[in-house]
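J.:
2 protein chains.
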Amino acid sequence: MPSKPAQPIARWMLLLLLGVSFVARAADELPSWNDGPSRQAIVDFVGAVTQEGGKDFVPPAERIAVFDNDGTLWSEQPMYFQVLFALDEVRRQAPQHPAWKEKQPFKAVLEGDHKALADSGMQGILAIVAATHSGVSTDEFIANARRWLASARHPRSHKPYTEMVFQPMLELLGYLRANGFKTYIVSGGEVAFMRAFAEEVYGIPPEQVIGTTLGSRFEDRNGQLSILRLPKLVHNDDGPGKPESIDSIIGRRPILAFGNSDGDLQMLQWTAAGKGPHFAGLVHHTDGKREWAYDRQSKVGRLDKALDMAKSKDWVVVDMATEWKRIYPFDQ
Amino acid sequence: MPSKPAQPIARWMLLLLLGVSFVARAADELPSWNDGPSRQAIVDFVGAVTQEGGKDFVPPAERIAVFDNDGTLWSEQPMYFQVLFALDEVRRQAPQHPAWKEKQPFKAVLEGDHKALADSGMQGILAIVAATHSGVSTDEFIANARRWLASARHPRSHKPYTEMVFQPMLELLGYLRANGFKTYIVSGGEVAFMRAFAEEVYGIPPEQVIGTTLGSRFEDRNGQLSILRLPKLVHNDDGPGKPESIDSIIGRRPILAFGNSDGDLQMLQWTAAGKGPHFAGLVHHTDGKREWAYDRQSKVGRLDKALDMAKSKDWVVVDMATEWKRIYPFDQ
């Protein structure tokens, strides 16, 4: 059998095999996504921006992907997990703060007075977060957060909060990184709290976590150095604060953004207004059985204006109930 | 000749060759550094933290290197280049601001009144920077900065400012990146100004540029989106502001830091106080012939306390005059 003529055929077969294996790989890497419109849109987008020489090719340095955290990468019901942490911290730290017994909203937390706590509103929550998240160094705070994350359990699932992350989104993060994307969190959560678990749980390193930020002060006490956290809100990373922090910290417009609530609207708008190819996606909480079903009327993670905008702009809206095979890593 | 016994020898020779080529590579990549104590300290440090299985090995994700910009990566005499830009911007923007003709410190700039400008002090400079760096979108501002950088010339060298970068430091940045480091700028310069050239000149992408920050506001005018820069200082990235921004934005302690002035002292201290291996270095401006010679008495880039600290802590102090073969890329 002559060997020369066989070579072009062999090369062609090799390319075919490589091509098949590439397409297969995309499906393999998103195994918890049903073959629905959202997975198709993701795979099409990633295929387009990574195709060298293609009209939509985006150089790796510009493949910035931003994700909200609460409700987008992990659950946020019955309340933002960080608020549950702050409430636990009030109880844990109470012995060092005897005045809290008589001072709202701390009194309400210590007495389990849900009505008084609810009445204190967002101002009350912010006061609790500021008090429980400051007065210590960043290192100490992260140690506190990690201790809580290791021991606390979600009231309904009885699982650690870090297991209540969305398996399909973990796969999406990995799929994007495998395709040269840099994945960021841009979230209303406080930045150090998210850094306490983002690298281990999401594979997102601290420098790619952007969030609500407290003031801090470098302290040098006879050569003992620390960064002291102050009870002062420096940046509220919600709504318009998201494109503002993206501009200030990343300095580049993302080409992909995922959120789940009206707090993500401006980040999605900003991403979708980019000149080149772009992808704006919403996780829609439609699964009352496996997770929670809520949108326009919810107090936590309200999705109303952003849902209208998504429909009018043809953004991708992920229907959790029909598009996700699994919700959590522990689901079978 | 039996082939089996030759194999171990061949393997040994291969390892030897690889070893020699590795050491040669380190020298090749820092060709503008004389074989002095600073280059040796750099090569030793990088060798130690990259040696897998070695006691000082640092995983790539933790190889964070931070560099001041003015006086560390490029020159800063006779005045910080960004201030020269701001003064040129006052003249360029003056027709749109008729009130500046009668208002200090703008009047002093427009009339070339050096004494009145000097009398306005740091407050005057800050007023000029705030006025000339705000009121436009980030995109517009970066376009302004790039236009200036393309046309302005340094008063002494008559070269573009972006050519007055230190060749040995460009080599150091590349050498660190080739060894798995992530290189950051952490500088008193305003962040968008530095982003206008950092990627092209230093190979440092926008998301690794940290600096002094102005407030901003996301604007949506009938669907036309922009990030408007406000004349409000949000973060002064100097002195203690450097470890504060490192903590807030990177969220990880650097293992290598380079500065050149007292404004870098806390960043160097913070880096040097890390638990693992660390490297703190100062560029000492000792070369009055090829660059400028200044330290304890200089108004720009004063190096006094940090020089004392460096001596007492055994930090690396680079003697530009004796340790650098070349200063600028255009030097022969």
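These protein sequence lines are chains A and B, in that order.
Read in order, the letters of the first sequence correspond to residues 282 to 613 in our numbering.
Read in order, the letters of the second sequence correspond to residues 282 to 613 in our numbering.
Just so it is clear, CB atoms sit at the ideal spot from N, CA and C, and this is done for glycine as well.
1) Which of helix, strand or coil does DSSP assign to B/LEU391?
2) Just by C-beta distance, which residues in the stretch 544-571 of chain B are closer than 7 Å to chain A?
3) Between the C-alpha atoms of A/MET548 and A/ALA538, what's the straight-line distance to the nearest angstrom?
4) Check distances from the C-beta atoms of the stretch 477-489 of chain A to those of chain B and list, in chain order, the residues that come in under 7 Å.
5) Select from the stretch 527-538 of chain B all residues with a C-beta closer than 7 Å to any C-beta belonging to chain A, and list them in chain order.
6) Using DSSP with H/G/I as helix, E/B as strand and the rest coil, what is A/GLN550?
7) Could you list which residues in chain B have their beta carbon closer than 7 Å to that of A/ALA342, in chain order?
8) Can you tell me whether DSSP reads A/PRO340 as helix, strand or coil?
9) For the beta strand (DSSP E) holding B/ALA522, just list the boundary residues, first then last.
10) Report the three-state DSSP secondary structure of B/TYR465 (helix, strand or coil).
11) Is it buried or exposed, A/LYS513, if we count other Cβ atoms within 10 angstroms and call 16 or more buried?
12) Taking the Cβ atom as the reference point for each residue, do B/ALA367 and B/ILE409 lie within a distance shorter than 8 Å?
13) Run the CB neighbour count on A/HIS395, radius 10 Å, all protein chains shown included, and call it buried at 16 or more, exposed below.
14) How would you list, in chain order, the residues of chain A whose beta-carbon sits under 8 Å from the beta-carbon of B/SER497?
15) Can you tell me which of A/LEU457, A/LEU391, A/ARG498 puts its alpha carbon nearest to the alpha carbon of A/GLN374?
16) How is A/GLU310 classed by DSSP in three states: helix, strand or coil?
17) What's the gap between the Cα of B/SER401 and the Cα of B/PRO386?
18) Look at the alpha carbon of A/VAL265 and the alpha carbon of B/PHE478, and state the distance between them as a whole number of angstroms.
19) Under the DSSP definition of a beta bridge, which residues are partnered with A/ARG498?
20) Counting contacts by CB-CB distance shorter than 8 Å, is B/LEU506 in contact with chain A?
21) Taking the alpha-carbon positions, what's the B/LEU311 to B/THR567 distance?
22) Which chain B residues are close to A/PRO521, counting only those with a beta carbon under 9 Å from its beta carbon?
23) Could you tell me which whole alpha helix (DSSP H) segments of length 4 or greater appear in the stretch 398-479 of chain A?
24) Please decide whether A/THR419 counts as near chain B, where near means a Cβ-Cβ distance under 8 Å.
25) Quick check: what's the CA-CA separation for B/LEU502 versus A/ILE531?
26) Considering only DSSP beta bridges, list what B/GLY516 is partnered with.
27) At a cut of 8 Å, does the stretch 452-469 of chain B reach the stretch 509-525 of chain B through at least three beta carbon pairs?
28) Should A/ILE323 and A/GLN448 be called a contact, given that it needs their Cβ atoms to be closer than 8 Å?
29) Distance check for A/PHE474 and A/ALA426, CA to CA, integer angstroms please.
30) Please decide whether A/THR494 counts as near chain B, where near means a Cβ-Cβ distance under 8 Å.
31) Is there contact between the stretch 583-590 of chain A and the stretch 540-559 of chain A, where contact requires at least three CB pairs shorter than 8 Å?
32) Since A/PHE560 sits in a beta bridge, which residues does DSSP pair it with?
33) Within the continuous alpha helix (DSSP H) that includes A/VAL327, where are the two ends?
34) When you compare only the Cα positions, how much space is there between B/TYR456 and B/PRO376?
35) Around the C-beta of B/VAL472, are 16 or more other C-beta atoms found within 10 angstroms, so that it is buried, or is it exposed?
T.: Well, looking at it:
1) helix
2) GLN547, GLN550, TRP551, ALA554
3) 7 Å
4) Result list: PRO486, PRO487, GLU488.
5) Cβ contacts with chain A come from ASP528, SER529, ILE530, ILE531, GLY532, ARG533.
6) Residue state, collapsed to three classes: helix.
7) PRO486
8) Coil.
9) Before going further, note that residue 522 of chain B is Gly rather than Ala in the sequence given. According to the DSSP assignment, B/GLY522 belongs to no beta strand (DSSP E) but to the alpha helix (DSSP H) extending over 522-526.
10) strand
11) exposed
12) Against a cut-off of 8 Å, the Cβ pair of B/ILE409 and B/ALA367 comes out as a contact.
13) exposed
14) Within chain A, the C-beta atoms nearer than 8 Å to that of B/SER497 come from GLU525, ASP528, SER529, in chain order.
15) A/LEU391
16) helix
17) 6 Å
18) In the structure displayed, chain A extends from 282 to 613; residue 265 of chain A sits before or after that span and is not available.
19) A/LEU509
20) yes
21) Roughly 20 Å separates the two Cα atoms.
22) ARG498, PHE499, GLU500, ASP501
23) Considered as a whole, the stretch 398-479 of chain A harbours 419-432, 448-459, 472-476 as its complete alpha helix (DSSP H) runs of no fewer than 4 residues, in chain order.
24) yes
25) Rather than Leu, the amino acid found at residue 502 of chain B in this sequence is Arg. Each residue's alpha carbon lies about 23 Å from the other.
26) Note on residue identity: the sequence assigns His, not Gly, to residue 516 of chain B. In DSSP, B/HIS516 forms a bridge with B/THR494.
27) yes
28) Not closer than 8 Å, so no.
29) 6 Å
30) At least one chain B Cβ lies under 8 Å of A/THR494.
31) Taking 8 Å as the limit for Cβ pairs, the verdict is that the stretch 540-559 of chain A does touch the stretch 583-590 of chain A.
32) A/LEU537
33) 318-331
34) 47 Å
35) buried
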